[in-house]
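J.: Take a look at this one; I'll ask things after.
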Amino acid sequence: MTTAGTARETTARTGPGAARQHTLRERNLELVARAVFEVPEPLSRAGVAAATGLTRATVSTLVDQLVAARLVRELPAVYGGRAGRPAVPLVPAPRSVVGLGLEVNVDYLGVRVLDLTGDVVTNNVVPGEFHDGDPAVVLRRLGKLAREVSDDVAVSGMRVAGARLALPGLVDPRTGLLEVAPNLGWSSLAPVPLLALGDTEVRIANEAKLAALAELAGGSDVAAPDSFIFVSGDVGIGGAIVVDRKLFLGERGWNGEIGHVVVDPAGPRCSCGAFGCLEQYAGKDAMMRAAGLPPSAPLSSLVALLSDGGSGLADGAGLPAGRALGSALADFVNLLDIGTIVLGGAYTELLPWLRADVEAVLADRVLAAPFVDLQVRAAQAGPQAALTGGAREVLQAVLAHPAAWV
Ligand SMILES: [Zn+2]
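Residue numbers (numbering that gives the first Met the number 0): 0 to 405.
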C-alpha cells in the first residue's frame with residue numbers, strides 16, 4: 000500500500016476534518032468510477048478494490064452509491080471455480096446520464112447524444128448553408144433541435160449532464176466568446192445565450208479540437224496513436240495537435256489553424272482576408288469548384304465523380320488540393336516533429352484521391368522524411384466527429400465529479 004493509498008482512506012469525523020472526509024469521499028468516488036469506466040474488461044468490487052488500493056468495504060459502499068445514482072450498472076453475477084461469493088461485474092450504465100454534442104458548421108447543424116457506455120442515443124445532422132447566416136437565427140434553430148432531443152431523452156428517463164457547442168473558429172471557453180469564425184462570417188459573439196437552452200450547462204469549443212478528442216478515444220479498427228496532427232477538412236480546414244494523448248493547445252487554444260497556412264502568396268483571397276490560404280485549394284468548396292461541381296453539392300457527388308475516374312482533385316485551379324494539403328502539413332511536421340497525420344472531416348472519404356499527392360509533398364518537403372516513417376491515416380471517429388468529442392467531454396466531466404450525481 001502506498002502512502003497515497005493510505006491517505007485516501009484517512010477519515011476524520013468532526014470539525015475541519017468533516018470537510019476533508021467529504022472531499023476524500025468525492026475523490027474516492029472518482030477513483031472508483033474511473034476504475035469501472037476506464038478498463039477494457041468489467042471489474043467486480045474486489046477488482047475495483049485491487050485497482051484503486053481502497054478497502055473492499057469502502058469500494059462496496061461507493062459502488063452502491065454509483066449504482067443507486069444510475070452511473071454504474073451491475074451485470075449478472077459470475078460464479079468462479081472456488082468457493083466464495085460470486086463476482087458481480089460492474090459496467091457504465093447505459094441510457095442513464097447522457098452528454099449532448101452540438102455543432103454549427105458552415106454546411107450543417109448537428110446534435111448528437113452519447114450515453115456513458117459511449118453509445119449514440121440520438122444523432123440529428125441537418126445540412127444547410129450557414130455562411131453569413133444571422134447568428135441569432137442559426138443558433139436559435141440549433142437550440143430548438145437540441146431542446147427536442149433533450150425532451151425526448153428526458154421522456155425516456157435519461158438525464159442530460161450538459162452540452163458542448165463545437166464551432167469552426169477561435170473560441171474562448173473562459174469568456175464563452177466566439178472571437179472569429181471566418182467561414183461563418185461571425186465574430187465577437189456569445190453563442191450560448193442564443194441557443195436558449197435554459198438550465199442545460201453549455202460550453203463552447205473549437206470543432207477540430209473536439210474532433211481530435213473523439214479520435215483520441217480510438218476507433219473500432221485501429222487504436223489512436225499517442226501523438227498526431229489532426230486535420231478536419233470541411234469548407235474550412237481546422238487542426239489540432241495531440242502530444243502524448245493530450246491536446247497541445249498553445250497559449251489560448253487557438254493553434255492548429257492549418258486552413259490559414261499560406262500555400263501560395265499569389266493565390267486567391269481567403270475568408271480570413273489573407274491570400275493563398277490552404278482553404279482556397281483544399282477546402283470543400285474549393286475542391287467542389289475544381290471538380291466542376293456547385294459548392295452546395297453533397298460530398299457524395301464529389302466522391303462519385305472521383306470514383307468514376309474524374310480527376311477533380313488533381314486538376315484544380317493551379318494547385319491540386321492534395322499538393323496544397325501536403326505543403327501545409329509539411330510545415331506542421333517540420334515545426335512539430337510529429338510523424339502521424341490523421342485526416343478527418345471530408346478528407347476521410349477523399350483520402351484515396353489525396354494520399355499520393357500529400358505523401359509525395361511530405362517526402363519532398365519534410366527535412367526528416369528520409370529518417371522517419373511518416374504516416375497519413377484516415378480518421379476513425381466517424382462523420383461530424385466534433386459532435387462525438389463534445390458529448391464525450393461532457394461525460395468525462397461527469398466521471399471527474401461523480402459525487403455531484405450521487
Ligand atoms: Zn485564410
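Note that CB positions come from ideal geometry on N, CA and C, so glycine has one too.
Select from Ala195, Asn182, Ala239 and Trp352 the residue whose C-alpha is nearest the C-alpha of Gly132.
T.: Measuring from the Cα of Gly132, the nearest candidate turns out to be Asn182.
J.: Suppose you measure from the CA of Arg354 to the CA of Val159; what does that come to, to the nearest Å?
T.: Taking the straight line joining both Cα atoms gives about 40 angstroms.
J.: When you compare only the Cα positions, how much space is there between Ala316 and Pro382?
T.: Annotation note: pLDDT 43 at Ala316 (below 50); position unreliable, coordinate value reported separately. Cα to Cα, Ala316 sits roughly 28 angstroms from Pro382.
J.: Tell me whether Thr174 is buried or exposed, calling it buried when 16 or more other Cβ atoms sit within 10 Å of its Cβ.
T.: When all chains shown are included, Thr174 counts as exposed.
J.: Apply the 10 Å Cβ neighbour rule to Leu292 and answer buried if 16 or more other Cβ atoms are within range, or exposed otherwise.
T.: Buried is the call here.
J.: Please determine whether the Cβ atom of Pro181 lies at a distance below 8 angstroms from any heavy atom of ligand 1.
T.: Yes, the beta carbon of Pro181 sits closer than 8 angstroms to at least one heavy atom of ligand 1.
J.: Using DSSP with H/G/I as helix, E/B as strand and the rest coil, what is Pro126?
T.: Three-state DSSP puts Pro126 in a strand.
J.: Take the Cβ of Tyr407 as the centre, count every other Cβ of all protein chains shown within 10 Å, and call the residue buried at 16 or more, exposed below.
T.: Outside the modelled stretch of the chain, which goes from 0 to 405, sits residue 407, for which no answer is possible.
J.: May I ask you to check if the CB of His259 is nearer than 8 angstroms to at least one heavy atom of ligand 1?
T.: Checking the Cβ of His259 against ligand 1 gives yes.
J.: Do Val96 and Leu394 have their C-beta atoms within less than 9 angstroms of each other?
T.: Yes, these two residues count as a Cβ contact at 9 angstroms.
J.: Under 8 angstroms: do the region 207-217 and the region 367-380 share three or more Cβ pairs, one atom per stretch?
T.: Yes, since at least three Cβ pairs between the region 207-217 and the region 367-380 fall closer than 8 angstroms, the two stretches touch.
J.: Please go through the same chain and pick out, in chain order, the residues whose beta-carbon is closer than 7 angstroms to the beta-carbon of Arg244, but skip the five residues on each side of it.
T.: Taken in chain order, the residues that qualify are Leu215 and Asp225.
J.: Taking just the CA atoms, how far does Ala34 sit from Leu373?
T.: So the two alpha carbons sit approximately 35 angstroms from each other.
J.: Helix, strand or coil for Leu115, going by three-state DSSP, please let me know.
T.: The answer is coil: DSSP assigns Leu115 none of H, G, I, E or B.
J.: By DSSP, does Pro75 sit in helix, in strand, or in coil?
T.: The answer is coil: DSSP assigns Pro75 none of H, G, I, E or B.
J.: Please name the residue, chosen from Val71, Pro172, Val77 and Asp198, that lies closest to Pro93 on a Cα-to-Cα basis.
T.: Among Val71, Pro172, Val77 and Asp198, the Cα nearest to that of Pro93 belongs to Val71.
J.: Answer yes or no: do Ala210 and Gly344 have a C-beta to C-beta separation smaller than 9 angstroms?
T.: Result yes, Cβ atoms of Ala210 and Gly344 sit closer than 9 angstroms.
J.: So does Glu40 have its beta carbon nearer than 8 angstroms to some heavy atom of ligand 1?
T.: Glu40 Cβ: outside cutoff for every heavy atom of ligand 1.
J.: For Val411, count neighbouring C-beta atoms within 10 Å of its own C-beta (all shown protein chains included) and say buried if the count is 16 or more, exposed if not.
T.: Nothing in the structure corresponds to residue 411, since the chain is present only between 0 and 405.
J.: Out of Ala213, Asp233, Val234 and Gly235, state which residue places its alpha-carbon closest to the alpha-carbon of Phe227.
T.: Ranking Ala213, Asp233, Val234 and Gly235 by Cα distance to Phe227 puts Ala213 first.
J.: Is the closest heavy atom of ligand 1 to the C-beta of Ser270 under 8 angstroms?
T.: Because some heavy atom of ligand 1 lies under 8 angstroms away, the Cβ of Ser270 counts as near it: yes.
J.: Does the Cβ of Ala67 have 16 or more other Cβ atoms within 10 Å, making it buried, or fewer, making it exposed?
T.: Looking at its Cβ environment, which holds fewer than 16 other Cβ atoms inside 10 Å, Ala67 is exposed.
J.: In its own chain, which residues sit with a C-beta less than 8 angstroms from the C-beta of Pro85, not counting the 5 before and 5 after it?
T.: For Pro85, where only same-chain residues beyond five positions count, the Cβ hits under 8 angstroms are Ala76, Val77, Tyr78 and Gly79.
J.: Kindly indicate which residue of Ser59, Val125 and Thr51 has the alpha-carbon position closest to the one of Leu101.
T.: Closest by alpha carbon: Val125.
J.: In the DSSP assignment, find the beta strand (DSSP E) that holds Glu339 and state where it starts and stops.
T.: Before going further, note that residue 339 is Thr rather than Glu in the sequence given. Per DSSP, Thr339 belongs to the beta strand (DSSP E) from Thr339 to Gly344.
J.: Determine which residues share a DSSP beta bridge with Asp414 and list them.
T.: Only positions 0 to 405 of the chain appear in the structure, and residue 414 is not among them; the question remains open.
J.: Can Val413 and Thr116 be called in contact, C-beta distance under 9 angstroms?
T.: No information on residue 413 is available, as it lies outside the stretch 0 to 405 that the chain covers here.
J.: Have a look at Val137 and Ala180 and give me their C-alpha separation to the nearest angstrom.
T.: Between Val137 and Ala180, the C-alpha separation is close to 14 angstroms.
J.: Less than 6 angstroms between C-beta atoms, sequence neighbours within five positions excluded: which residues of the same chain meet that for Val302?
T.: Counting only Cβ-Cβ distances below 6 angstroms, and skipping sequence neighbours, we find Glu348.
J.: So, for Leu169: in the same chain, excluding its five sequence neighbours on each side, which residues have a beta-carbon less than 6 angstroms away from its beta-carbon?
T.: Cβ within range, chain order: Glu178, Val179 and Trp253.
J.: Is Glu178 near ligand 1 - that is, is its Cβ less than 8 angstroms away from at least one heavy atom of it?
T.: Not so, every heavy atom of ligand 1 lies at least 8 angstroms from the Cβ.
J.: Just to check, is the beta-carbon of Glu278 closer than 8 angstroms to a non-hydrogen atom of ligand 1?
T.: At least one heavy atom of ligand 1 is nearer than 8 angstroms to the Cβ of Glu278, so yes.
J.: Which residue or residues does DSSP assign as beta-bridge partners of Ala329?
T.: DSSP output for Ala329 lists no bridge partner at all.
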